[in-house]
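Per this note's numbering, the sequence shown runs over residues 34 to 283.
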Amino acid sequence: MDSAPADAPVAIGGRLDPATILGGYRHGTYPMPAATAADIEVNHALYEDSVASGATVVLDSPLPDPYALVWWSPDPRPVIPYGGLAKARSLMKLLRNRLTWTTTANQDFARVLAECRRDRVPEWLTTELCEGMMVLNELGWAHSVEVWEDDELVGGAIGIGAGEVFVLDTCFHRRSNASKVALLDMEHRLAGAGVTLLDVEWDSDRSRRLGAGPLPRHEFLATLARGSDPIPLAGGVEPARRLGFLRTPG
(Lines of atoms letter the chains of each structure in order from A and count residues from 1; the text may use other names and numbers.)
(Lines give C-alpha, C1' and ligand atoms only; values in the text may rest on other atoms or scores of the structure.)
Protein backbone atom coordinates (compact mmCIF):
# COMPACT_ATOMS: atom_id res chain seq x y z
CA MET A 1 0.00 0.00 0.00
CA ASP A 2 3.04 2.31 0.37
CA SER A 3 3.01 3.21 -3.33
CA ALA A 4 -0.78 3.46 -3.63
CA PRO A 5 -2.19 6.87 -4.56
CA ALA A 6 -3.19 9.15 -1.71
CA ASP A 7 -6.04 10.95 -3.46
CA ALA A 8 -7.21 8.49 -6.12
CA PRO A 9 -8.64 4.97 -5.86
CA VAL A 10 -6.11 2.31 -4.92
CA ALA A 11 -7.99 -0.17 -7.13
CA ILE A 12 -10.87 -0.51 -9.56
CA GLY A 13 -12.98 -3.53 -10.38
CA GLY A 14 -13.30 -6.59 -8.19
CA ARG A 15 -16.49 -7.86 -6.63
CA LEU A 16 -19.08 -6.75 -4.08
CA ASP A 17 -19.76 -10.08 -2.42
CA PRO A 18 -19.71 -10.05 1.40
CA ALA A 19 -16.27 -11.68 1.68
CA THR A 20 -14.68 -9.11 -0.63
CA ILE A 21 -16.38 -6.18 1.11
CA LEU A 22 -15.16 -7.43 4.48
CA GLY A 23 -11.68 -8.11 3.14
CA GLY A 24 -11.52 -4.56 1.85
CA TYR A 25 -12.45 -3.05 5.20
CA ARG A 26 -10.01 -5.31 7.05
CA HIS A 27 -7.21 -4.09 4.78
CA GLY A 28 -8.09 -0.40 5.02
CA THR A 29 -9.99 0.02 1.75
CA TYR A 30 -13.66 0.67 1.17
CA PRO A 31 -15.82 0.31 -1.95
CA MET A 32 -17.56 3.09 -3.85
CA PRO A 33 -19.72 1.51 -6.56
CA ALA A 34 -21.09 3.65 -9.37
CA ALA A 35 -24.88 3.49 -9.56
CA THR A 36 -25.34 4.89 -13.09
CA ALA A 37 -23.64 4.97 -16.48
CA ALA A 38 -22.97 8.66 -15.94
CA ASP A 39 -21.16 7.88 -12.68
CA ILE A 40 -19.02 5.31 -14.49
CA GLU A 41 -18.07 7.88 -17.12
CA VAL A 42 -17.05 10.30 -14.37
CA ASN A 43 -14.78 7.61 -12.92
CA HIS A 44 -13.19 7.13 -16.34
CA ALA A 45 -12.53 10.84 -16.67
CA LEU A 46 -11.10 11.18 -13.17
CA TYR A 47 -9.03 8.03 -12.80
CA GLU A 48 -7.89 6.75 -16.21
CA ASP A 49 -4.52 8.46 -15.84
CA SER A 50 -3.93 6.83 -12.45
CA VAL A 51 -4.84 3.44 -13.90
CA ALA A 52 -2.65 3.97 -16.96
CA SER A 53 0.34 4.84 -14.77
CA GLY A 54 -0.12 1.67 -12.72
CA ALA A 55 -0.75 3.58 -9.50
CA THR A 56 -4.35 2.34 -9.37
CA VAL A 57 -4.58 -1.44 -9.66
CA VAL A 58 -7.16 -3.14 -11.92
CA LEU A 59 -8.71 -6.13 -10.15
CA ASP A 60 -10.21 -9.19 -11.81
CA SER A 61 -13.90 -8.49 -12.04
CA PRO A 62 -17.14 -9.89 -13.44
CA LEU A 63 -18.23 -6.31 -14.17
CA PRO A 64 -18.53 -5.24 -17.82
CA ASP A 65 -16.58 -2.10 -16.91
CA PRO A 66 -14.17 -2.16 -13.93
CA TYR A 67 -14.70 1.58 -13.48
CA ALA A 68 -18.13 0.71 -12.07
CA LEU A 69 -16.42 -0.11 -8.75
CA VAL A 70 -13.57 1.83 -7.16
CA TRP A 71 -11.76 1.14 -3.89
CA TRP A 72 -10.39 3.91 -1.69
CA SER A 73 -7.72 4.13 1.00
CA PRO A 74 -7.03 7.85 1.48
CA ASP A 75 -3.72 9.12 2.83
CA PRO A 76 -3.93 10.63 5.37
CA ARG A 77 -6.94 8.89 6.88
CA PRO A 78 -9.48 10.95 8.84
CA VAL A 79 -9.93 9.23 12.20
CA ILE A 80 -11.27 9.98 15.67
CA PRO A 81 -9.55 8.49 18.72
CA TYR A 82 -12.06 6.34 20.59
CA GLY A 83 -13.98 8.55 23.00
CA GLY A 84 -13.14 11.67 21.02
CA LEU A 85 -16.36 12.02 19.02
CA ALA A 86 -17.44 15.65 19.35
CA LYS A 87 -19.91 16.31 22.15
CA ALA A 88 -21.23 19.83 21.64
CA ARG A 89 -22.49 21.50 24.81
CA SER A 90 -25.76 22.46 23.14
CA LEU A 91 -26.48 18.86 22.15
CA MET A 92 -25.50 17.55 25.57
CA LYS A 93 -27.92 20.01 27.16
CA LEU A 94 -30.71 18.94 24.80
CA LEU A 95 -30.11 15.30 25.64
CA ARG A 96 -30.19 15.92 29.39
CA ASN A 97 -33.16 18.25 29.49
CA ARG A 98 -35.42 17.89 26.44
CA LEU A 99 -34.94 14.92 24.15
CA THR A 100 -36.93 11.85 25.17
CA TRP A 101 -35.56 9.57 22.46
CA THR A 102 -34.48 5.98 22.99
CA THR A 103 -31.81 4.03 21.15
CA THR A 104 -31.35 0.41 20.13
CA ALA A 105 -28.64 -1.60 18.41
CA ASN A 106 -29.11 -4.00 15.50
CA GLN A 107 -32.88 -3.91 15.94
CA ASP A 108 -33.61 -2.90 12.34
CA PHE A 109 -30.38 -2.91 10.33
CA ALA A 110 -32.19 -3.20 6.99
CA ARG A 111 -34.37 -0.19 7.64
CA VAL A 112 -31.47 1.99 8.80
CA LEU A 113 -29.53 0.99 5.68
CA ALA A 114 -32.52 1.86 3.48
CA GLU A 115 -32.90 5.25 5.16
CA CYS A 116 -29.19 5.97 4.73
CA ARG A 117 -29.54 5.10 1.05
CA ARG A 118 -32.60 7.26 0.45
CA ASP A 119 -32.07 10.47 -1.52
CA ARG A 120 -28.26 10.11 -1.52
CA VAL A 121 -26.45 11.67 -4.47
CA PRO A 122 -24.31 10.03 -5.73
CA GLU A 123 -25.97 6.76 -4.81
CA TRP A 124 -22.98 4.76 -3.59
CA LEU A 125 -25.14 2.49 -1.41
CA THR A 126 -26.19 0.33 -4.35
CA THR A 127 -28.47 -2.70 -4.06
CA GLU A 128 -25.52 -5.09 -4.34
CA LEU A 129 -23.52 -3.29 -1.65
CA CYS A 130 -26.55 -3.18 0.66
CA GLU A 131 -27.12 -6.91 0.19
CA GLY A 132 -23.49 -7.57 1.12
CA MET A 133 -23.76 -5.36 4.20
CA MET A 134 -26.91 -7.22 5.27
CA VAL A 135 -24.98 -10.49 5.24
CA LEU A 136 -22.14 -8.91 7.23
CA ASN A 137 -24.67 -7.77 9.81
CA GLU A 138 -26.01 -11.31 10.12
CA LEU A 139 -22.43 -12.52 10.64
CA GLY A 140 -21.72 -9.95 13.35
CA TRP A 141 -19.33 -7.67 11.44
CA ALA A 142 -21.64 -4.77 10.55
CA HIS A 143 -23.89 -3.04 13.08
CA SER A 144 -26.67 -0.49 13.25
CA VAL A 145 -27.88 1.94 15.88
CA GLU A 146 -31.47 3.17 15.79
CA VAL A 147 -32.79 6.38 17.35
CA TRP A 148 -36.49 6.35 18.20
CA GLU A 149 -39.05 9.02 19.02
CA ASP A 150 -41.75 6.85 20.54
CA ASP A 151 -42.24 4.25 17.78
CA GLU A 152 -40.86 6.40 14.94
CA LEU A 153 -37.34 5.82 13.61
CA VAL A 154 -35.85 9.32 13.48
CA GLY A 155 -32.16 8.56 13.03
CA GLY A 156 -29.60 5.83 12.71
CA ALA A 157 -26.05 4.86 11.86
CA ILE A 158 -24.25 1.93 10.24
CA GLY A 159 -20.75 0.81 11.18
CA ILE A 160 -18.37 -2.06 10.55
CA GLY A 161 -15.13 -2.96 12.21
CA ALA A 162 -12.41 -5.41 13.12
CA GLY A 163 -9.77 -5.43 15.81
CA GLU A 164 -9.13 -1.89 17.05
CA VAL A 165 -10.76 0.05 14.19
CA PHE A 166 -14.47 0.71 13.83
CA VAL A 167 -15.72 2.45 10.68
CA LEU A 168 -18.54 4.97 11.06
CA ASP A 169 -19.80 4.14 7.59
CA THR A 170 -23.03 6.09 7.09
CA CYS A 171 -25.88 7.68 9.04
CA PHE A 172 -29.18 9.50 8.54
CA HIS A 173 -31.59 11.74 10.41
CA ARG A 174 -35.28 12.60 10.17
CA ARG A 175 -35.07 14.95 13.16
CA SER A 176 -32.43 17.57 13.87
CA ASN A 177 -29.42 16.06 15.70
CA ALA A 178 -30.68 12.47 15.40
CA SER A 179 -27.69 11.29 13.33
CA LYS A 180 -25.30 12.87 15.85
CA VAL A 181 -27.09 11.03 18.64
CA ALA A 182 -26.84 7.78 16.66
CA LEU A 183 -23.07 8.19 16.28
CA LEU A 184 -22.63 9.07 19.96
CA ASP A 185 -24.68 6.05 20.93
CA MET A 186 -22.64 3.81 18.64
CA GLU A 187 -19.40 5.06 20.19
CA HIS A 188 -20.79 4.54 23.70
CA ARG A 189 -21.96 0.99 22.91
CA LEU A 190 -18.41 0.13 21.78
CA ALA A 191 -17.08 0.65 25.32
CA GLY A 192 -14.91 -2.25 26.39
CA ALA A 193 -14.62 -3.69 22.87
CA GLY A 194 -10.97 -2.66 22.47
CA VAL A 195 -11.60 -0.01 19.81
CA THR A 196 -8.91 2.68 19.61
CA LEU A 197 -9.87 4.42 16.36
CA LEU A 198 -13.13 5.49 14.73
CA ASP A 199 -12.61 5.72 10.96
CA VAL A 200 -14.75 8.29 9.13
CA GLU A 201 -13.26 7.41 5.69
CA TRP A 202 -13.64 10.82 3.97
CA ASP A 203 -12.09 14.11 5.04
CA SER A 204 -14.72 16.86 5.04
CA ASP A 205 -15.90 19.82 7.06
CA ARG A 206 -18.48 17.56 8.67
CA SER A 207 -15.94 14.89 9.62
CA ARG A 208 -13.73 17.55 11.21
CA ARG A 209 -16.69 18.87 13.18
CA LEU A 210 -17.20 15.33 14.46
CA GLY A 211 -13.65 15.42 15.80
CA ALA A 212 -11.71 13.71 13.00
CA GLY A 213 -8.09 14.50 12.31
CA PRO A 214 -5.56 13.18 9.78
CA LEU A 215 -3.56 10.02 10.46
CA PRO A 216 -0.86 8.87 8.00
CA ARG A 217 -2.08 5.82 6.12
CA HIS A 218 0.81 3.62 7.25
CA GLU A 219 -0.07 4.34 10.89
CA PHE A 220 -3.75 3.64 10.25
CA LEU A 221 -2.93 0.34 8.54
CA ALA A 222 -0.58 -0.64 11.38
CA THR A 223 -3.40 -0.10 13.88
CA LEU A 224 -5.77 -2.08 11.67
CA ALA A 225 -3.29 -4.96 11.47
CA ARG A 226 -3.18 -5.39 15.24
CA GLY A 227 -6.54 -7.20 15.30
CA SER A 228 -8.85 -9.12 12.99
CA ASP A 229 -11.81 -10.24 15.10
CA PRO A 230 -15.29 -8.75 14.65
CA ILE A 231 -16.14 -5.93 17.05
CA PRO A 232 -19.23 -6.51 19.22
CA LEU A 233 -21.78 -3.76 19.80
CA ALA A 234 -23.69 -3.74 23.08
CA GLY A 235 -27.43 -4.22 22.62
CA GLY A 236 -30.54 -3.26 24.50
CA VAL A 237 -32.99 -0.36 24.61
CA GLU A 238 -31.39 2.69 26.21
CA PRO A 239 -32.48 6.27 26.93
CA ALA A 240 -30.66 8.74 24.71
CA ARG A 241 -30.55 11.03 27.75
CA ARG A 242 -27.66 9.04 29.21
CA LEU A 243 -25.44 10.34 26.39
CA GLY A 244 -25.90 13.91 27.62
CA PHE A 245 -23.52 13.24 30.50
CA LEU A 246 -20.61 12.15 28.29
CA ARG A 247 -17.53 14.31 27.92
CA THR A 248 -14.79 14.43 25.31
CA PRO A 249 -11.44 13.55 26.93
CA GLY A 250 -9.19 16.55 27.50
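For each residue, glycine too, the CB sits at the ideal point set by N, CA and C.
Residue i: buried (16+ other C-beta within 10 angstroms of its C-beta) or exposed?
i, result
"Gly173", "exposed"
"Met34", "exposed"
"Asn130", "exposed"
"Asp232", "buried"
"Ser86", "exposed"
"Glu74", "exposed"
"Gly268", "exposed"
"Glu185", "exposed"
Taking just the CA atoms, how far does residue j sit from residue i?
i, j, result
"Val270", "Leu243", "24 Å"
"Ala67", "Gly277", "39 Å"
"Met167", "Ile191", "11 Å"
"Asp183", "Leu146", "20 Å"
"His31", "Asp40", "Only positions 34 to 283 of the chain appear in this structure, which leaves residue 31 out of reach."
"Tyr115", "Leu248", "14 Å"
"Asp72", "Pro97", "14 Å"
"Thr159", "Ser261", "26 Å"
"Pro111", "Phe253", "9 Å"
"Arg241", "Gly189", "20 Å"
"Asp238", "Leu201", "16 Å"
"Leu55", "Tyr100", "20 Å"
"Thr135", "Cys149", "19 Å"
"Ile193", "Leu132", "27 Å"
"Arg222", "Phe199", "12 Å"
"Leu216", "Trp235", "16 Å"
From the DSSP secondary-structure annotation, give me the bridge partner or partners of residue i.
i, result
"Tyr63", "Trp105"
"Leu230", "Pro114 and Val198"
"Trp181", "Thr135 and Leu186"
"Ala175", "Ile193"
"Glu271", "Thr136"
Return helix, strand or coil for residue i, following the three-state DSSP convention.
i, result
"Thr133", "coil"
"Val145", "helix"
"Val75", "helix"
"Gly192", "strand"
"Arg246", "The sequence given here has Gly at residue 246, not Arg. If DSSP states are grouped into helix, strand and coil, Gly246 belongs with the strands."
"Pro265", "coil"
"Leu169", "helix"
"Ala121", "coil"
"Thr260", "Going by the sequence as given, residue 260 is Gly instead of Thr. Here Gly260 sits in coil by DSSP."
"Val154", "coil"
"Ala44", "strand"
What residue from the options has the CA that sits closest to residue i's CA?
i, options, result
"Leu124", "Ile45, Ser209, Ala224 and Gly227", "Ser209"
"Asn170", "Pro51, Pro42 and Arg275", "Pro51"
"Ser83", "His221, Ala195 and Ser36", "Ser36"
"Arg250", "Pro109, Ser94, Val103 and Arg241", "Pro109"
"Thr203", "Val178, Asp93 and Trp104", "Val178"
"Met219", "Leu279, Glu164, Arg259 and Asp238", "Leu279"
"Glu161", "Arg48, Ala44, Pro38 and Val43", "Arg48"
"His176", "Lys126, Arg151 and Pro263", "Pro263"
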